[in-house]
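Novice: Input: one structure, supplied below.
Printed below as a string of structure tokens:
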């Protein structure tokens, strides 16, 4: 369950964000007020020249989550998870975003660093999905993540080109990832159930904005790694985070069109397509042939397993209304071959090894109405009672040889209230009722309180 | 992927093994030039004996028994009769023995390729099992292979052919269940062969894992850079299963009083399973299977034959087995029986004591 971070015991506290908060102050002129002997070190010539004025911005947001669950952690039990009464607290994330611009050159540098679950290093997780029995494994975690790091250049009035790490432009979370962007206490379970949560990759991005309100985005980024695909979380585990370097032998193309013409409404579609087999850590999904040349890694080529995602999305912020919505469909070609190979992967790779479905479907929507004025609060306050619906099926219409497990079809009905002050400090409370794809599984109820800041 | 037939593999096994022994012998010569290993029994012979006298024969037996189980299931489905059902159940129990006796060394291919959960996950998920039976999907081996671990393996088959404590009759098995039984046993057989093959044969360009273990400490062996590293893996396997039996297999149902989390609960084979886990430890310690003669160096030699520690270890093994034997089967009922519960605690304590001995006193002997 991507939306419900497992408790992370015994993690060292992160060092404060101070190091990243220190903006590289412009060095005025050559004057280096350094009386220490270190001043004898020759100053690099690049530093000695006057720099242009760089406009810098620092923004951040933080999320804290307190959750009550009425069900046990192990959802693999007969009839679903057992009844339980448990609390989970999570320092969900602290995200610091830095931006530096040189407006007269149309240049912009952006970096975003995320501290997840208030920690660093490896986290111990209880994994029920992979084995029926208790199994603990060390998760690399990557608790400090550089989610964005790119340089962008304006090309004329309407276009901009970026290179680096940025969000993959599919779905709603690539644009609306801040806690004040959506109303629920957590990001939607639908989207994060089939694709990586705030999915970032490296590559090139081209944006073009038509003056009358159409925004086009094209991206060429590294593809996913199919060893991480699984029954429960479809392509989520394909996000390359295990190794220091991302493999980009298979690239992915993303196109997105958003209509922004109508005040308060943004709607559009996006598509993603990229192969996934040549980004596997080992070249282990190759075709077999008679005259194999053993001097080549894949003499007969690789099995092709392209992943296709299509979505339509909507965002409304009009008057007192706030709403979001999305439908996303995904298809993985040759999912059977990927599954067969994955089932024999080494445990040391730390992937699920469960069969992946050929198709996945996710849909969600939420709508809220600001009643701050009605209850006598000033314009600085926003108070949205809201409802949300999530649907995710990670085994949607699978191949004949794969059992269409209703356990992987989930619907979540959420009702709650979201408050914020000037979009800066917020508190949300919601109640979620999750139903699995068959009545024999117990429904799961969650009560969550989230609070944090955004500035 | 093409695989050799089992008979062919078995025919080749002696050749492979003797070849490996030669390799091992060379390794031993190399070992004598290493001054660090002269004063200890922790040498190449220790790991070679373990691999060739304990691990590979156990997996060979498992592969054979799973082949027999598959044959029994095919025969049962072809022409159901009480006798054939009894035979299938006997074959299931017989296959459990080498499997549980292999759990003292759950490392290498069985761990890294996920064969353990594919063979032996429990509890069985009745909900999904019923849904699979109710579906119109063709129950082929490939289909079963794709199922979640809780819907395949030993325990799903156990549920289908035993029912509660072996009460299921031939008449109660539906045509659809026979189809499932056949697909399950075919998959079990295939996994058994893969597992044995991974230890005994070269596969996909990887050398047999037996060789990886036997060549511990030799140049180019990144899995086991020293014989001590391999010996630690052996002792680690022993402590892992002892911990799992005492603090998992027994403790979890005991404390939760939940029969659903008991291993082998339908065949009432739980205590037999646990006992075979202890036998697995015994085999790994002595360096040979039960009833076989001792050859080569074993962990017992490292400890010192008939030393005080050796005597204690053998006593603790015997005490663990007899403590398990004192508990009444079905274990799934004993966990809620006030006269049995103290015996369960006693068995747990006996196994924990054995665990602590290996952890505290044997492990240091193989740690460099």
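Protein chains in written order, with this note's numbering: chain A, 1 to 455; chain B, 1001 to 1368. Think of the CB as a built atom: it goes at the ideal place given N, C-alpha and C, for glycine as much as any other residue.
Could one say the Cβ of residue 1266 of chain B lies closer than 8 angstroms to chain A's Cβ atoms, at least one of them?
Specialist: Output row for residue 1266 of chain B: interface = no.
Novice: Of all the CB atoms in chain B, is at least one closer than 8 angstroms to the CB of residue 237 of chain A?
Specialist: No, no contact with chain B.
Novice: Could you tell me which residues DSSP pairs with residue 230 of chain A in its beta bridges?
Specialist: In the DSSP output, where bridge partners are listed per residue, residue 230 of chain A has A:234.
Novice: Sorted by chain position, which residues of the same chain lie with C-beta nearer than 6 angstroms to residue 1452 of chain B's C-beta, five sequence neighbours on each side aside?
Specialist: As shown, chain B starts at 1001 and ends at 1368. That puts residue 1452 of chain B outside it, with no answer to give.
Novice: Tell me which residues share the same chain as residue 1268 of chain B and place their Cβ nearer than 6 angstroms to its Cβ, disregarding the 5 neighbours each side in the sequence.
Specialist: The residues are 1165, 1329 and 1330.
Novice: Does the stretch 355-367 of chain A come close enough to the stretch 220-236 of chain A that 3 or more CB-CB pairs lie under 8 angstroms?
Specialist: The stretch 220-236 of chain A, when compared against the stretch 355-367 of chain A, does touch it at the 8 angstroms Cβ threshold.
Novice: Can you grab the Cα-Cα spacing for the pair residue 1042 of chain B / residue 1216 of chain B, in whole Å?
Specialist: So the two alpha carbons sit approximately 11 angstroms from each other.
Novice: Which residues bound the beta strand (DSSP E) around residue 418 of chain A?
Specialist: From DSSP, the beta strand (DSSP E) with residue 418 of chain A extends over 409-421.
Novice: Taking beta-carbon pairs under 9 angstroms, can you tell me which members of the stretch 1118-1132 of chain B lie near chain A?
Specialist: Residues passing the 9 angstroms Cβ filter: 1118, 1120, 1121, 1122, 1123, 1124, 1125, 1126, 1127, 1128, 1129, 1130, 1131 and 1132.
Novice: Pick out whichever of A:446, A:439, A:453 and A:293 has its Cα sitting closest to the Cα of residue 79 of chain A.
Specialist: Comparing Cα positions, the closest option is A:439.
Novice: When the cut-off is 8 angstroms and only beta carbons count, does residue 297 of chain A lie next to chain B?
Specialist: No - not a single Cβ of chain B is within 8 angstroms of the one on residue 297 of chain A.
Novice: Pull up the DSSP beta-bridge partners for residue 114 of chain A, would you.
Specialist: Answer by DSSP bridge pairing, in chain order: A:95 and A:145.
Novice: With which residues is residue 151 of chain A paired in a DSSP beta bridge?
Specialist: For residue 151 of chain A, which the question treats as bridged, DSSP gives the partners A:109 and A:163.
Novice: Can you have a look at residue 1057 of chain B and say buried or exposed, based on whether 16 or more other CB atoms are within 10 angstroms of its CB?
Specialist: Result: buried.
Novice: Give me the Cβ distance between residue 270 of chain A and residue 254 of chain A, rounded to the nearest whole Å; I'm assuming they're in contact under 8 angstroms.
Specialist: Contact flag correct, Cβ pair sits at about 7 angstroms.
Novice: Does any residue of chain A have a CB that is nearer than 8 angstroms to the CB of residue 1111 of chain B?
Specialist: True, the Cβ-Cβ gap to chain A drops below 8 angstroms.
Novice: So which residues of chain B does residue 76 of chain A contact, with C-beta pairs closer than 8 angstroms?
Specialist: The answer, in chain order, is 1125, 1148 and 1150.
Novice: Which residues mark the beginning and the end of the beta strand (DSSP E) in which residue 265 of chain A is found?
Specialist: Counting along the chain, the beta strand (DSSP E) containing residue 265 of chain A begins and ends at 265-274.
Novice: Can you tell me the Cα-Cα spacing of residue 265 of chain A and residue 321 of chain A, whole angstroms?
Specialist: Near 11 angstroms, if we compare the C-alpha coordinates of residue 321 of chain A and residue 265 of chain A.
Novice: Leaving out five residues on either side along the sequence, give the residues of the same chain with a beta carbon under 8 angstroms from the beta carbon of residue 106 of chain A.
Specialist: 153, 154, 155 and 160.
Novice: In terms of residues, what are the limits of the beta strand (DSSP E) holding residue 219 of chain A?
Specialist: First-last of the beta strand (DSSP E) with residue 219 of chain A: 214-222.
Novice: Less than 8 angstroms between CB atoms is the rule here; does residue 1137 of chain B satisfy it with respect to chain A?
Specialist: Yes, residue 1137 of chain B lies at the interface with chain A (some Cβ there is under 8 angstroms from its Cβ).
Novice: Are the CB atoms of residue 192 of chain A and residue 225 of chain A nearer to each other than 8 angstroms?
Specialist: No, the Cβ-Cβ distance between residue 192 of chain A and residue 225 of chain A is not below 8 angstroms.
Novice: Looking at C-alpha atoms only, which residue of A:248, A:218 and A:242 is the closest neighbour of residue 145 of chain A?
Specialist: It is A:242 whose Cα lies nearest to the Cα of residue 145 of chain A.
Novice: Measuring straight from C-alpha to C-alpha, what distance separates residue 454 of chain A and residue 428 of chain A?
Specialist: Each residue's Cα considered, the two are about 14 angstroms apart.
Novice: When the cut-off is 8 angstroms and only beta carbons count, does residue 115 of chain A lie next to chain B?
Specialist: Output row for residue 115 of chain A: interface = no.
Novice: Who are residue 427 of chain A's beta bridge partners in DSSP?
Specialist: DSSP, once it has assigned bridges, lists A:419 and A:451 as partnering residue 427 of chain A.
Novice: Would DSSP call residue 55 of chain A helix, strand or coil?
Specialist: In this structure, residue 55 of chain A counts as strand in the three-state DSSP scheme.
Novice: Tell me whether residue 382 of chain A sits in a helix, a strand or coil according to DSSP, three-state version.
Specialist: The answer is strand: DSSP assigns residue 382 of chain A an E or B state.
Novice: Taking only beta-carbon positions, decide if residue 1359 of chain B is within less than 8 angstroms of chain A.
Specialist: It does not: the Cβ of residue 1359 of chain B has no partner Cβ on chain A nearer than 8 angstroms.
Novice: Can you confirm whether residue 441 of chain A, when its beta carbon is compared against all beta carbons of chain B, has any partner nearer than 8 angstroms?
Specialist: Yes, because at least one Cβ of chain B sits closer than 8 angstroms to the Cβ of residue 441 of chain A.
Novice: Kindly list, in the order they appear in chain B, the residues whose Cβ is closer than 7 angstroms to that of residue 332 of chain A.
Specialist: Residues of chain B passing the Cβ test: none, with the nearest at roughly 14 angstroms.
Novice: Report the CB separation of residue 1118 of chain B from residue 1149 of chain B in whole angstroms; it is logged as a contact under 8 angstroms.
Specialist: About 6 angstroms; that satisfies the 8 angstroms criterion.
Novice: Evaluate contact between the stretch 1173-1193 of chain B and the stretch 1135-1145 of chain B, counting only Cβ atoms and requiring at least three cross-stretch pairs below 8 angstroms.
Specialist: At 8 angstroms Cβ cutoff, the stretches touch.
Novice: Residue 1114 of chain B versus chain A: which residues are under 9 angstroms apart at the beta carbon?
Specialist: Within 9 angstroms Cβ-Cβ: 130, 131, 343, 344, 345, 346, 347 and 353.
Novice: For the alpha helix (DSSP H) containing residue 1070 of chain B, list its first residue and its last residue.
Specialist: 1056-1078 is the extent of the alpha helix (DSSP H) around residue 1070 of chain B.
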